[in-house]
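This report concerns only the one structure given below.
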Amino acid sequence: MGTIVNAVTIILGTILGSSLKGRFSENIKKTVMHGLSLTVILIGLSMAIKTENLLVVTLSMVIGGIIGEALKIEDCLDRFGAGLEARFSGGDGNFTRAFVSASLIYCVGAMAVLGSIQSGLEGDHSILFVKSILDGVSAVVFSSSMGIGVAFSALPVFLYQGVITLAAAYIKVFLTETIITEMTATGGLLIFAIGINMLGINVTIKVGNLLPAIFVSVILALLFTGLPF
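Residues in the sequence shown are numbered from 1 upward in steps of one, following my numbering.
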């Protein structure tokens, strides 16, 4: 239920934001996007500084980046987004950027992981309900600037959180407080990178290719702290 509500609020927020899209001048949208970008950077930094072991985060980014480049995850995300763009965007060139950026922002983070686990194990959806409010509000703002592509991020959110919820009983033993901390820190760096990309400066970080770093951090945290059982 928590994951379903989360996906629905993203879609509703996008519909509302898209309806307001034409009411803002280009200067206003640009300034709003810069403000959002800085906020995303702040969120990422606030998550990243929670690490208790910089070596875990560093190695996770290096190993994860190598894996991501080998698998060409960024290219796959771009092709998937481009396919949706051709079918649904009506010529909106921001579709792929909106889909990829929103998907990563909504999926990466401790609330998505912890909320899904709590929902699956205890039937308590409170964390995901709070996350739904945050995602819905941000969807309004994102879609007012980047368009309908934000709505399609509801699909990876539904799949990602849904899988964790269903598998919660089996993965609970692995997700110690230390592992969650390092996952959050690693994910925070990725969110920071998303903020940099959103600013539209001359550097483009292939965040998609760094996604495996989140899962590598789980393995490394286990190795550094010992198995939790």
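Ideal Cβ placement from N, Cα and C applies to all residues, glycine included.
Asked                                                                                                        : Found
Other residues of its chain near L59: CB distance less than 8 Å, five sequence neighbours each side excluded : V216 and L220
C-alpha gap between T230 and L128, whole angstroms                                                           : In the structure displayed, the chain extends from 1 to 229; residue 230 sits before or after that span and is not available.
Rounded C-alpha distance that separates T281 from V150                                                       : Outside the shown range of the chain (1 to 229) lies residue 281, about which nothing can therefore be said.
Delimiting residues of the alpha helix (DSSP H) encompassing G13                                             : G2 to S19
Check whether G188 and M47 have beta carbons under 9 Å apart                                                 : yes
Under the three-state DSSP convention, the category H125 falls into                                          : coil
Length of the line joining the Cα atoms of V203 and I196                                                     : 8 Å
Length of the line joining the Cα atoms of T9 and I191                                                       : 21 Å
Per-residue DSSP class, three states only, for K50                                                           : coil
Option in L223, A185 and M198 with minimal Cα separation from A213                                           : A185
A70 versus L211, L175, F224 and V218, residue with shortest Cα-Cα distance                                   : L211
For K72, the three-state DSSP class (helix, strand or coil)                                                  : coil
Assigned exposure category for V100 - 16 Cβ within 10 Å defines buried                                       : buried
T230, DSSP secondary structure in three states                                                               : Absent from the structure is residue 230, since the part of the chain shown begins at 1 and ends at 229.
S25 - DSSP class collapsed to helix/strand/coil                                                              : coil
Residue nearest to A167 in terms of C-alpha spacing, selected from G136, S153 and G120                       : G120
Same chain, Cβ closer than 8 Å to L114, neighbours up to 5 away in sequence not counted                      : I127 and I180
Burial state of A169 (16 or more Cβ within 10 Å)                                                             : exposed
Span separating the alpha-carbon of F229 from that of K30                                                    : In this prediction, F229 has a pLDDT of 46, which is less than 50 and means its spatial position is unreliable; nothing more can be read from the coordinates.
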